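Data first, discussion second: the structure below is written as structure tokens.
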Amino acid sequence: MRIVLTGPPGAGKGTQAALLAKRLDIPHISTGDLFRANIEQGTELGEQVKAILREGRLVPDEVTVAMAADRMERPDARHGFLLDGFPRNISQSEALDGMLRDWGHKLDAVLDLEIPEDEVVHRIAGRRVCRKDSSHVFHVDYSPPRREGVCDACGGELYQREDDREETVRKRLAVYHEETEPIIDYYRAQGLVVTISALGTVPQVTQRAMAALPERAE
Ligand code: AMP
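So for the sequence shown, my numbering puts the first residue at 773; every next one is plus one.
Take a look at the structure:
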């Protein structure tokens with residue numbers, strides 16, 4: 773199964789991607805996580821993209837596509853993957869189509885998480901992420917950890933992503949509307965788009981997504 777997960781920042785892509793990937797037994801590939809890991813480890817790539825992430829802008833396509841391709845070519849992704857945060861504009865979508873064509877594969881679905889804009893800002897502003905595992909996500913109102921600042925799952929430190937501050941969120945939303953939203957029409961023309969509401973509890977959204985995805989053996 774090869775899936776692209778899309779939707780505005782704050783729709784719950786990271787949370788749902790981790791859960792869906794587990795259920796479908798495919799790797800969860802998040803370009804945002806890959807960039808953050810590089811920044812954390814102080815790699816050359818990390819240095820190159822640090823300021824861009826902090827400002828909520830998009831990393832140049834060349835860099836992003838090469839990194840995503842590299843990850844998709846790893847053996848665990850041979851039978852499928854769930855892409856989270858990639859592609860993020862038409863040119864990345866075209867690059868992905870080209871790669872898949874070269875590998876003799878195609879996408880099975882583009883899952884679009886839909887959410888009202890004021891809900892996005894509230895969700896992001898309250899989001900806290902675990903330093904040890906970015907799939908451990910909490911919210912100060914919706915799903916607070918048992919102990920403030922500490923991850924329930926692994927005891928890691930919870931922090932607010934630098935790009936989750938309100939002014940950056942607004943910038944990321946603007947970038948989403950301008951650059952990313954057009955990919956939905958691009959994929960709609962290929963008959964791949966499945967839109968679901970991202971409102972409700974985490975398990976409700978996962979259930980909705982599983983029901984909406986096409987059934988496929990591989
Ligand atoms: P995310 O975790 O998906 O919200 O991504 C965090 C940040 O990483 C974005 O605001 C961008 O700066 C960068 N980023 C992630 N994925 C991409 C992509 N496909 N293309 C360009 N920049 C990206």
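Every residue gets a Cβ at the ideal spot worked out from N, C-alpha and C, and that includes glycine. As the structure is a computational prediction, the values presented were derived from the model and not from experiment.
Is the separation between the beta-carbon of residue i and that of residue j shorter than 8 Å?
| i | j | result |
| --- | --- | --- |
| Q788 | L796 | no |
| V965 | L985 | no |
| R960 | L930 | no |
| L885 | L879 | no |
| L742 | N810 | Residue 742 lies beyond the stretch modelled for the chain, which goes from 773 to 990, so this question has no answer here. |
| Y958 | S863 | no |
Can you tell me whether residue i is buried or exposed, with buried defined as 16 or more other CB within 10 angstroms of its CB?
| i | result |
| --- | --- |
| P832 | exposed |
| S802 | buried |
| H949 | exposed |
| R846 | exposed |
| R944 | buried |
| L791 | buried |
Sorted by chain position, which residues of the same chain lie with C-beta nearer than 7 Å to residue i's C-beta, five sequence neighbours on each side aside?
| i | result |
| --- | --- |
| G857 | K785, S802, T803, G804 |
| E819 | none |
Using a threshold of 7 Å, is the CB atom of residue i nearer than that to any non-hydrogen atom of the ligand AMP?
| i | result |
| --- | --- |
| G870 | no |
| T815 | no |
| F858 | yes |
| T836 | yes |
| P781 | yes |
Which same chain residues, not among the five before or five after residue i, have their C-beta less than 6 Å away from its C-beta?
| i | result |
| --- | --- |
| A840 | T803, F858 |
Where DSSP assigns a beta bridge to residue i, which residues make up the other side?
| i | result |
| --- | --- |
| F910 | R900 |
| I775 | L854, A881 |
Given 7 Å as the limit, tell me if residue i has its C-beta closer than that to any heavy atom belonging to the ligand GTP.
| i | result |
| --- | --- |
| T778 | With respect to the ligand GTP, the structure shown offers nothing to examine, as its ligands consist of the ligand AMP. |
Got a sec? Which residues, its chain only, sit under 8 Å from residue i by beta carbon, not counting five neighbours each side?
| i | result |
| --- | --- |
| V922 | G928, E929, L930 |
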